[in-house]
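Structure, as C-alpha cells:
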Amino acid sequence: MKSAKIVGLGKYLPSNRLTNTDLEKRVETSDEWITTRTGIKERRIVSSGEAASDLAYQASLVALKRAAIAAKDLDAIIVATVTPDTQFPSTACYLQNLLGASKASCFDLSAACSGFVYGLTVAWQFIAGGFYGNVLVVGSEVLSAITDWTDRSTCVLFGDGAGAAVLTATDKGGFLSSYLGADGSASDILILPAGGSRHPASIDTVNKRMHYMKMRGNELFRIAVRVMVQAAKKALVKADLSASQVDLFIPHQANERIISAVAARMHIAEDKIYRNIVRYGNMSSASSAVALCEAWEEGKIKKDSIVLMDTFGGGLVWGSCIIKWV
Ligand code: ACO
Numbered sequence: 126m127k128s129a130k131i132v133g134l135g136k137y138l139p140s141n142r143l144t145n146t147d148l149e150k151r152v153e154t155s156d157e158w159i160t161t162r163t164g165i166k167e168r169r170i171v172s173s174g175e176a177a178s179d180l181a182y183q184a185s186l187v188a189l190k191r192a193a194i195a196a197k198d199l200d201a202i203i204v205a206t207v208t209p210d211t212q213f214p215s216t217a218c219y220l221q222n223l224l225g226a227s228k229a230s231c232f233d234l235s236a237a238c239s240g241f242v243y244g245l246t247v248a249w250q251f252i253a254g255g256f257y258g259n260v261l262v263v264g265s266e267v268l269s270a271i272t273d274w275t276d277r278s279t280c281v282l283f284g285d286g287a288g289a290a291v292l293t294a295t296d297k298g299g300f301l302s303s304y305l306g307a308d309g310s311a312s313d314i315l316i317l318p319a320g321g322s323r324h325p326a327s328i329d330t331v332n333k334r335m336h337y338m339k340m341r342g343n344e345l346f347r348i349a350v351r352v353m354v355q356a357a358k359k360a361l362v363k364a365d366l367s368a369s370q371v372d373l374f375i376p377h378q379a380n381e382r383i384i385s386a387v388a389a390r391m392h393i394a395e396d397k398i399y400r401n402i403v404r405y406g407n408m409s410s411a412s413s414a415v416a417l418c419e420a421w422e423e424g425k426i427k428k429d430s431i432v433l434m435d436t437f438g439g440g441l442v443w444g445s446c447i448i449k450w451v
C-alpha cells in the first residue's frame, strides 16, 4: 500500500504583534508571569476584517509553490479550524475559491489544537487508499475573535496564524503511523459555549460573554501532559520505533511547561524539541502546522528525518503522527 509524503509547506503570520507589555495595559498581568507560566513573549493578531480563509490562502500559496503543484490539480482541501469564517459555508470552500482549486472537494475539520494532525491523517488515508492524489491540509485560526480580552487567565495565551501542507503519494517513507484519540466526557474544560445550536446567538449570550473561549487551564494542564505522552508512545509503537530514534519532536505549542514535561517523560533530548511558542502563543490547529513549516525552513528536517508530531486540545482530542521525511 502506498503512503503519503509532504511535498510543500507554507505559513502565514499576521504582521501585528501583541507583546506581554501590551497586555499589561489591558489586564492585571505581567511579562514575568506570562513568561514563566507559559513561555510566551508575543503573539500575532489579524487586522480588522481578516478571516481564517485569508490566512489559509497566504499559507497555501507558499505551500503549493514549494510543492510545484498547481491549485487546479488539488483533489481535496481540508481546513482544520475552530474559528471558521462562517458556520457555513466551510472555510475550505472559501479557500478553494481564493486559490481557484476548482477540482478539489472541500471540508472543514473540527479537532481544536489537534486539527492539523487529524487533517494530515485523513489526507494520508485518502491518498494511501488511492481515493485522491494531491491533498492540501491547512490549520488556520483567528483565535483573537473568540478571546475574552478582559479575562487574564486566557487572553495571554492565544494568537492568530496559519500553516499549510501539500501531500502526495509515495512508495517509501512518508507517514509511518498516526494515533488519534478523544474524550468527550471532558468537553466543558475548554469550550466556546454559544453560537451553535445549543446556545444560538442572542442578546443574552452576548451579555453573558458566551461567545468567548472558557478554559479551566489548571485541569487541562495535567491531562495534556498525560495524554500527549500516551499519544506519542502509541504512534511510536505503531511505527515500531523508539523515542531515541526520533530526530525532531514537534509538540503542540500550548505551554512551554507542558512541552518540557512531555519531552522529559518521553526522554527526548532538548536539542530534538521544536519550540516557537515564545513568538506566537497557542494558535490551536495552526500551531503544529506553523511549527512543522518553520522547522523545515530552519533546516531541522532533512531527508530521512523521523519527525514526531504530538497534539492536544479542546474536545478533548489528541493526536500524534510520525513522518519519515522523503
Ligand atoms: N497574569 C497574572 N496572574 C494570573 C494570570 C495572568 N495572566 N492568569 C491567572 N493568574 C493567576 C490566577 O488568578 C491564580 O491566582 P490565585 O492563586 O491568586 O488564585 C494564579 O495566577 C495561578 O493560576 P493557575 O491557573 O493555577 O496558573 P497555572 O500555573 O495553571 O497557569 C495556564 C495557567 C498558563 C493557563 C496553564 O494552566 C496552562 O497552560 N494550561 C493548559 C492550557 C492548554 O493546554 N490549552 C490547550 C488547549 S488550547 C485549545 O484547544 C484551543
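Numbering follows the working numbering, in which position 239 of the sequence shown is assigned residue number 364; successive positions increment by one, without gaps. For each residue, glycine too, the CB sits at the ideal point set by N, CA and C.
Residue i to residue j span [Cα, whole Å]
i, j, result
"residue 269", "residue 314", "19 angstroms"
"residue 443", "residue 242", "9 angstroms"
"residue 149", "residue 280", "11 angstroms"
"residue 132", "residue 293", "7 angstroms"
"residue 452", "residue 413", "Because the chain is modelled from 126 through 451, residue 452 falls outside the range shown and cannot be assessed."
"residue 384", "residue 355", "14 angstroms"
"residue 174", "residue 329", "25 angstroms"
Near the ligand ACO: residue i beta-carbon under 7 angstroms from a heavy atom
i, result
"residue 402", "no"
"residue 205", "no"
"residue 386", "no"
"residue 342", "yes"
"residue 159", "yes"
"residue 407", "yes"
"residue 241", "no"
"residue 251", "no"
"residue 164", "no"
"residue 330", "no"
"residue 238", "yes"
"residue 154", "yes"
Residue burial classification, residue i (beta-carbon count within 10 angstroms, cutoff 16)
i, result
"residue 191", "buried"
"residue 221", "buried"
"residue 225", "exposed"
"residue 421", "buried"
"residue 309", "exposed"
"residue 432", "buried"
Residue i vs residue j beta-carbon contact at 8 angstroms
i, j, result
"residue 401", "residue 387", "no"
"residue 379", "residue 265", "no"
"residue 210", "residue 177", "yes"
"residue 362", "residue 437", "no"
"residue 406", "residue 168", "yes"
"residue 136", "residue 236", "no"
"residue 340", "residue 318", "no"
"residue 159", "residue 291", "no"
"residue 397", "residue 374", "yes"
"residue 275", "residue 129", "no"
> Hey, is the segment 145-156 in contact with the segment 299-314, meaning 3+ C-beta pairs nearer than 8 angstroms?
Replying inline: Per the Cβ contact rule, the segment 145-156 is not in contact with the segment 299-314 (fewer than 3 Cβ pairs under 8 angstroms).
>> With three or more beta-carbon pairs closer than 8 angstroms as the criterion, would you say the segment 231-245 touches the segment 190-205?
In response: In this structure the segment 231-245 lies against the segment 190-205, because at least three pairs of beta carbons, one per stretch, are closer than 8 angstroms.
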